[in-house]
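A.B. asks: Residue numbers (my numbering): 171 to 676.
1) Quick check: what's the CA-CA separation for residue 269 versus residue 339?
2) For residue 373, which of helix, strand or coil comes out of DSSP?
3) Give me, in chain order, the residues of the same chain whose beta-carbon lies closer than 6 Å to that of residue 410; leave out the 5 immediate sequence neighbours on both sides.
4) Going along the chain, which residues of its own chain have a beta-carbon closer than 7 Å to the beta-carbon of residue 572, five neighbours each way excluded?
5) If you draw a straight line from the C-alpha of residue 250 to the C-alpha of residue 221, how long is it?
6) Nearest to residue 358 by alpha carbon, out of 229, 407, 300?
7) From 216, 266, 280, pick the residue whose C-alpha is nearest to that of residue 232; which is it?
8) Ends of the beta strand (DSSP E) at residue 413?
9) Can you say whether residue 382 is buried or exposed, counting buried as having 16 or more other CB atoms within 10 angstroms of its CB?
10) Please return the same chain residues whose Cβ sits closer than 7 Å to the Cβ of residue 299, not counting the five positions on each side in sequence.
11) In terms of residue numbering, what span does the alpha helix (DSSP H) encompassing residue 347 cover?
12) For the 8 Å Cβ check, are there 3 or more pairs between the region 253-265 and the region 325-344?
13) Going by DSSP, what residue range makes up the beta strand (DSSP E) through residue 491?
14) Decide if residue 502 is buried, meaning its Cβ has at least 16 other Cβ atoms within 10 Å, or exposed.
15) For residue 325, which residues in the same chain have their Cβ closer than 8 Å to its Cβ, ignoring the five residues on either side in sequence?
16) Check whether the Cβ atoms of residue 492 and residue 215 lie closer than 9 Å to each other.
17) With a 10 Å radius around its C-beta and 16 neighbouring C-beta atoms as the bar for buried, classify residue 413 as buried or exposed.
18) Could you check what DSSP says for residue 469 in three-state terms: helix, strand or coil?
19) Within 10 angstroms of the Cβ of residue 278, are there 16 or more other Cβ atoms? Answer buried if so, exposed if not.
20) Please work out which residues of its chain come closer than 8 Å, Cβ to Cβ, to residue 303, disregarding the five sequence neighbours upstream and downstream, and give them in chain order.
21) Just confirm the distance between the C-beta atoms of residue 336 and residue 295, as a whole number of angstroms; I'd bet it's less than 8 Å.
22) Where do the N-terminal and C-terminal ends of the alpha helix (DSSP H) with residue 256 fall, by residue?
23) In terms of DSSP beta bridges, what is residue 474 paired with?
24) With the cut-off set at 9 Å, would you say residue 430 and residue 449 are in Cβ contact?
25) Please report the distance separating the alpha-carbon of residue 399 from that of residue 355.
26) Under 6 Å Cβ to Cβ from residue 237, same chain only, skipping five residues before and after it: list those, please.
27) Looking at the strands, I want to know which residues DSSP matches up with residue 335.
28) Rounded to whole angstroms, what's the CA-CA distance from residue 293 to residue 230? Just pull it up for me.
29) Assign residue 525 to one of two classes, buried (16 or more other C-beta atoms within 10 Å of its C-beta) or exposed (fewer than that).
30) Let's see if you can read the secondary structure: which residues bound the alpha helix (DSSP H) around residue 395?
31) Rounding to the nearest angstrom, what Cα-Cα distance links residue 522 and residue 469 in this structure?
32) Considering Cα atoms alone, identify which of 240, 402, 535 is closest to residue 313.
33) Going along the chain, which residues of its own chain have a beta-carbon closer than 8 Å to the beta-carbon of residue 234, five neighbours each way excluded?
34) Suppose you measure from the CA of residue 401 to the CA of residue 374; what does that come to, to the nearest Å?
35) Determine, using beta carbons only, whether residue 474 and residue 223 come nearer to each other than 9 Å.
36) Once the 5 residues before and after residue 350 are set aside, which same chain residues still bring their CB inside 6 Å of it?
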């Protein structure tokens with residue numbers, strides 16, 4: 171599958187928004203260097219996250235949606251819960267010091283389903299449902315007469331997404347109500363909002379063909395003008411940046427994905443009235459897609475940090491862009507980002523600006539329901555120092571790879587205070603720092619000479635005469651594997667104590 175002529179430089183794109191189609195010429199950069207589209211000059215951000223959870227710290231969204239499905243919750247109550255979750259999430263991220271906060275990451279069910287609604291790609295069988303929200307849930311959960319969309323895993327995470335269906339009758343039309351409403355809501359609260367949208371390549375590669383249609387990626391030519399129109403609407407709504415998630419570029423779903431990415435984002439960057447574009451790749455090594463994206467006029471490119479450090483130095487086109495490095499593991503936020511800041515300093519020469527972020531959306535990370543969520547704790551405590559350091563480029567205060575006096579993988583913590591003897595409860599701290607079992611016998615003191623110490627003799631060995639231990643004992647874990655015995659087995663232990671003559675219970 172090659173690249174369509176309409177996506178090549180020097181061509182025009184036909185836009186069909188709604189039922190009417192109108193041609194609109196778009197200036198693309200030519201190979202000779204004429205009519206080159208210049209990047210949009212926006213203030214680069216220094217710290218952000220790819221995406222945030224939406225279910226709520228105590229599963230408020232889950233209870234609200236289940237109540238709405240059962241008829242116990244009204245729509246106004248459901249929307250109030252959603253608005254509260256969005257407001258709290260944005261406020262927490264802004265208070266943590268992030269100068270670019272992702273919006274449009276909230277969803278009542280699934281972000282891929284939200285993108286299908288945005289592009290008008292819902293299956294025709296849900297059209298009889300007149301209400302928009304009920305039509306949305308009908309596609310997600312189904313009804314007595316409507317089958318739901320297929321659900322499958324989101325790459326290699328435990329999160330599942332709904333697979334859009336692309337058939338011969340699918341017509342891509344723009345429905346930007348949700349993303350524009352959330353953008354306006356965030357800007358009204360003073361949040362530096364950045365809309366997050368699934369990219370066109372990832373959306374089509376993760377969709378499936380129905381009713382004898384061809385591969386969905388073959389419809390990319392029809393989808394690019396819809397995204398172009400969306401960019402103009404976001405710019406009119408006040409968006410300075412927009413994020414397109416393209417995790418499919420790190421997979422082998424299509425061998426032409428790098429060439430398609432270069433053609434698509436070159437076309438999207440040619441829109442005159444648009445925000446700055448940030449293309450996020452995660453879940454793996456982008457490979458050839460990284461230099462392909464670097465050759466486009468996009469303003470920022472996001473990569474997962476640990477597998478692509480060797481590729482960044484070999485891409486000179488990144489010199490004029492913002493490199494968003496995912497130094498914090500989005501799946502396990504217990505990882506301390508300070509360990510990667512020293513190596514992150516080496517990227518300052520390979521890109522115009524280096525920003526820190528999570529390796530992927532934190533929507534898939536574990537959340538603690540009985541306390542503050544893990545992602546919020548990381549953004550509010552240990553993660554708060556990262557944007558401050560990167561904004562000032564003060565990497566000299568963090569351990570670097572060339573610094574031999576400090577370990578680059580461990581943070582220097584003060585030694586724990588010594589614990590009193592009464593707090594050890596029968597355990598002593600050895601040289602290795604681990605607790606070891608301590609004898610329960612009293613040590614000889616001045617009031618009790620060594621000769622008066624209790625003799626190390628045990629005349630009685632039965633359980634009745636055995637003295638009770640003064641300290642808890644560490645018992646080994648019992649194995650889950652139980653051996654099934656064929657018959658009764660007699661113990662070889664004597665049944666009568668040699669010291670007291672009593673019968674020992676077994």
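No residue lacks a Cβ here, since even glycine has one placed at the ideal position from N, Cα and C. All values derive from a computational prediction rather than experimental measurement.
C.D. replies: Result, derived from the coordinates:
1) The C-alpha of residue 269 lies about 42 Å from the C-alpha of residue 339.
2) In the structure shown, residue 373 sits in a helix (DSSP, three-state: H, G or I).
3) Excluding sequence positions up to five before and after residue 410, its CB lies within less than 6 Å of the CB of 212, 445, all in the same chain and listed in chain order.
4) Caution applies to residue 572, whose pLDDT of 32 falls short of 50 and renders its modelled position unreliable; the value that the coordinates give is listed next. The answer is none, since no qualifying residue turns up.
5) If I take the Cα positions, the gap works out to 21 Å.
6) Checked all of 229, 407, 300; the closest Cα to residue 358 is 407.
7) Comparing Cα-Cα distances from residue 232 to each of 216, 266, 280, the minimum goes to 280.
8) Residue 413: member of the beta strand (DSSP E) spanning 411-415, first to last residue.
9) Looking at its Cβ environment, which holds fewer than 16 other Cβ atoms inside 10 Å, residue 382 is exposed.
10) The residues are 305, 308.
11) Unbroken alpha helix (DSSP H) run through residue 347: 347-358.
12) The region 253-265 is not in contact with the region 325-344.
13) No beta strand (DSSP E) holds residue 491; DSSP gives it neither H nor E.
14) It counts as exposed.
15) Around residue 325, the same chain offers 417, 421, 453 as residues with beta carbons nearer than 8 Å, after the five sequence neighbours per side are excluded.
16) Yes, Cβ-Cβ distance for residue 492 and residue 215 is below 9 Å.
17) The residue in question, residue 413, is buried, as its Cβ has 16 or more Cβ neighbours within 10 Å.
18) Reduced to three states, the DSSP call for residue 469 is coil.
19) Looking at its Cβ environment, which holds 16 or more other Cβ atoms inside 10 Å, residue 278 is buried.
20) So the qualifying residues of the chain are 245, 278.
21) By a beta-carbon distance limit of 8 Å, residue 336 does not contact residue 295. Their separation comes to about 14 Å.
22) First-last of the alpha helix (DSSP H) with residue 256: 245-265.
23) 496.
24) With contacts defined as CB atoms closer than 9 Å, residue 430 and residue 449 fail to qualify as a contacting pair.
25) Taking the straight line from one Cα to the other gives about 21 Å.
26) Leaving aside the five residues that flank residue 237 on each side, the residues in its chain whose CB is nearer than 6 Å to its CB run, in chain order, 243.
27) DSSP, once it has assigned bridges, lists 378 as partnering residue 335.
28) Looking at the two C-alpha atoms, the distance is approximately 29 Å.
29) With 16 or more Cβ atoms within 10 Å of its Cβ, residue 525 is classed as buried.
30) 390-406 is the span of the alpha helix (DSSP H), which, as asked, contains residue 395.
31) Cα to Cα, residue 522 sits roughly 10 Å from residue 469.
32) Answer by Cα proximity: 240.
33) These residues qualify, in order along the chain: 243, 247, 248, 251, 252.
34) Rounded to whole angstroms, residue 401 to residue 374 spans 19 Å at the Cα level.
35) Contact annotation: residue 474 and residue 223 have beta-carbon atoms that are not nearer than 9 Å.
36) Taken in chain order, the residues that qualify are 407.
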